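In UniProt numbering, the protein residues as written are 1 to 654. Here's the structure, in structure tokens; my notes come after.
Rendered as structure tokens:
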């Protein structure tokens, strides 16, 4: 019973450290539980894109689990330092290491029970609200919440394993501990990093490399693979530069006598030099977490907001009817079906355009068939369609006739700028690069570069034979499809029946804006929801790291400030010194995070293009609002933690 009492008293005594840890752990349990409830929810299973949404939620679950592990280990490290000092005192008073282990596992069990119970209760309470939000984002209709034992069992087992790992870490710490070193651990300063100029140059090189990759990426497909390389370089550079550059800057400040020997500067610089590695690692972690939150929010919000523009660009009219046997669409049949279902058809027109082929655009501006090597390369991979000048003239009143060696080119991504293009070893002069062609989609539902080439006649494409692959990776001749595009007006029920009958016409393929929008809403809405969960996790982790950093440093600085106050330092001077120190902690990470985001934007834009998002003013507005929101959240954390630190170091108040 004594061990239980000591374990509980230790938790109560160190409530400033334990309470945030328990609340944060409970939030982690709740987030994991909510995602599990969504995965097993009947409403999610009833969605059109249920398989994709469940896969997305499962991926989010894995990421949140990994973040939860890192988060628990990192925040527990602050508790562990406090416990080591306490256990060192118990050891001096006569307790054996086995006694300390018995206290430790009871503390872990109490923490686990509190965190799991609070997390499950809060998860169940807030799950209804978040599931309503999720269904609203994805356009679902079934808002029912299926509470089963599997999600609760999952989070219980997962977090029991996490706490078991923390207990093992504690046991090893107790076995290896030396009493005297533990009692004085908080008074030992950090050693200066060796070879700091070499490490500084290395950090600058890694950062420049990461930024260079982001700024020079040209292919949306290549952006995915290069993104992780750039992230790895920037993460390593951030930690290196915070550790080394902070030492260099602080030493330069110390050498500036006029600056250094001011009351608030003297104490701030001295304290930060004393804990240079601890400060740098914490600041780098905060900066990277903030960057992650900014990137996730900007990307997912831009995707969610931009989905409607993408669909509108993909569909010049609400319905696209394609004939697969080279016959023209029967306008009369379509109108008869429309009358049958009380649907009005407006703004219809016919379009003849080739099927898509997959080609490789070389550096010499030559279109070649795919090979085994070029098919695996993101650079130069293009989806190509052909249109005759006769069809183009119907769509463009200001058409200028093409000569036999001339073509028009419409590049949907706007990257082709060359005056010549070659296929079948014949070079054509590019008469004009078109910004768009009225009546055809300006976006395609794929992840590759795409272009439309207007040729003088079908003789050009007929001569190509079957040397190119279609998008199904089959060799075939380039064929032209007859399409009928039109808008439909009527109630939703009649429209669905009309589209169903259309799709049953022989040799006919029907795509429509309505079903595409519903499917995309489920996909992008799921991404947005996962982004919200990730952002909550990142911001929560950021706030807790700063809070624990202020608590631990406040307690360590308490004795020094107490001495300074005894020799005449006023509370106002303490506040000025505290503010000076905290400005470093808050100002620097957010500045670096915004800088990282700005350099990451070209790569983010390419990734957004993979999902068909048009990079326009809305993306930049989203980015600006996200940055301002993060600064506001940071300011609120600043107000809370600066007060906590001041309460720790101020002798008069505490």
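Virtual Cβ for every residue (Gly too), placed ideally from N, Cα, C. Source: prediction; values computed, not measured.
Tell me whether the beta-carbon of residue i lies closer than 8 Å to the beta-carbon of residue j.
i, j, result
"residue 439", "residue 316", "yes"
"residue 162", "residue 69", "yes"
"residue 630", "residue 294", "yes"
"residue 350", "residue 454", "no"
"residue 407", "residue 426", "no"
"residue 551", "residue 413", "no"
"residue 255", "residue 173", "no"
"residue 248", "residue 280", "no"
"residue 483", "residue 343", "no"
"residue 646", "residue 575", "yes"
"residue 589", "residue 246", "no"
"residue 240", "residue 202", "yes"
"residue 134", "residue 341", "no"
"residue 384", "residue 367", "yes"
Report, in whole angstroms, the separation of the C-beta atoms of residue i and residue j, which I expect to be a contact under 8 Å.
i, j, result
"residue 346", "residue 487", "5 Å"
"residue 382", "residue 361", "5 Å"
"residue 25", "residue 119", "7 Å"
"residue 159", "residue 227", "The pair is not a contact, with the Cβ atoms about 31 Å apart (cut-off 8 Å)."
"residue 409", "residue 421", "7 Å"
"residue 29", "residue 115", "6 Å"
Starting from the Cα of residue i, find the closest Cα among the options and give me that residue.
i, options, result
"residue 155", "423, 55, 117", "117"
"residue 355", "618, 295, 452", "452"
"residue 75", "22, 250, 100, 43", "22"
"residue 305", "63, 529, 132", "529"
"residue 505", "255, 100, 111, 337", "337"
"residue 520", "250, 130, 314", "314"
"residue 78", "648, 6, 544", "544"
"residue 606", "223, 82, 643, 572", "223"
"residue 170", "229, 104, 198", "104"
"residue 464", "423, 251, 341", "423"
"residue 626", "449, 359, 365, 296", "296"
"residue 148", "527, 41, 413, 638", "41"
"residue 618", "415, 342, 386, 303", "303"
"residue 96", "248, 572, 3", "3"
"residue 19", "610, 270, 501, 547", "547"
"residue 299", "620, 45, 207", "620"
"residue 151", "357, 32, 592", "32"
State the start and end residues of the unbroken alpha helix (DSSP H) segment that holds residue i.
i, result
"residue 35", "15 to 39"
"residue 151", "149 to 176"
"residue 339", "331 to 340"
"residue 196", "196 to 216"
"residue 320", "First-last for residue 320: 319 to 323, but that is the beta strand (DSSP E), not the alpha helix (DSSP H)."
"residue 1", "Per DSSP, residue 1 belongs to no alpha helix (DSSP H) and is neither H nor E."
"residue 257", "257 to 260"
"residue 570", "Here residue 570 belongs to no alpha helix (DSSP H), and DSSP marks it neither H nor E."
"residue 462", "458 to 462"
"residue 42", "42 to 45"
Terminal residues of the continuous beta strand (DSSP E) containing residue i?
i, result
"residue 358", "357 to 361"
"residue 483", "480 to 489"
"residue 99", "Careful: residue 99 lies outside any beta strand (DSSP E), inside the alpha helix (DSSP H) at 97 to 138."
"residue 382", "381 to 388"
"residue 420", "420 to 423"
"residue 83", "Premise fails: residue 83 lies in the alpha helix (DSSP H), 50 to 92, not in any beta strand (DSSP E)."
"residue 511", "508 to 512"
"residue 503", "Segment 492 to 503 is the alpha helix (DSSP H) holding residue 503; no beta strand (DSSP E) there."
"residue 354", "344 to 354"
"residue 434", "426 to 434"
"residue 450", "449 to 455"
"residue 613", "Residue 613 -> no beta strand (DSSP E), and no H or E assigned at all."
Please work out which residues of its chain come closer than 6 Å, Cβ to Cβ, to residue i, disregarding the five sequence neighbours upstream and downstream, and give them in chain order.
i, result
"residue 127", "34, 37"
"residue 164", "none"
"residue 581", "268"
"residue 644", "550"
"residue 8", "none"
"residue 641", "546, 547, 550"
"residue 402", "389, 456"
Apart from the five residues on each side of it in sequence, which residues of its chain come closer than 7 Å, Cβ to Cβ, to residue i?
i, result
"residue 596", "234, 291"
"residue 211", "599"
"residue 136", "none"
To which residues of the same chain is residue i closer than 8 Å at the C-beta, ignoring the five residues directly before and after it?
i, result
"residue 659", "Because the chain in this structure spans residues 1 to 654, residue 659 falls outside the shown range and cannot be described."
"residue 614", "306, 309, 310, 313, 443"
"residue 5", "none"
"residue 110", "7, 8, 11"
Would the beta-carbon of residue i be found less than 7 Å away from any heavy atom of the ligand GDP?
i, result
"residue 19", "Absence of the ligand GDP is noted for the structure shown, with no ligands found whatsoever."
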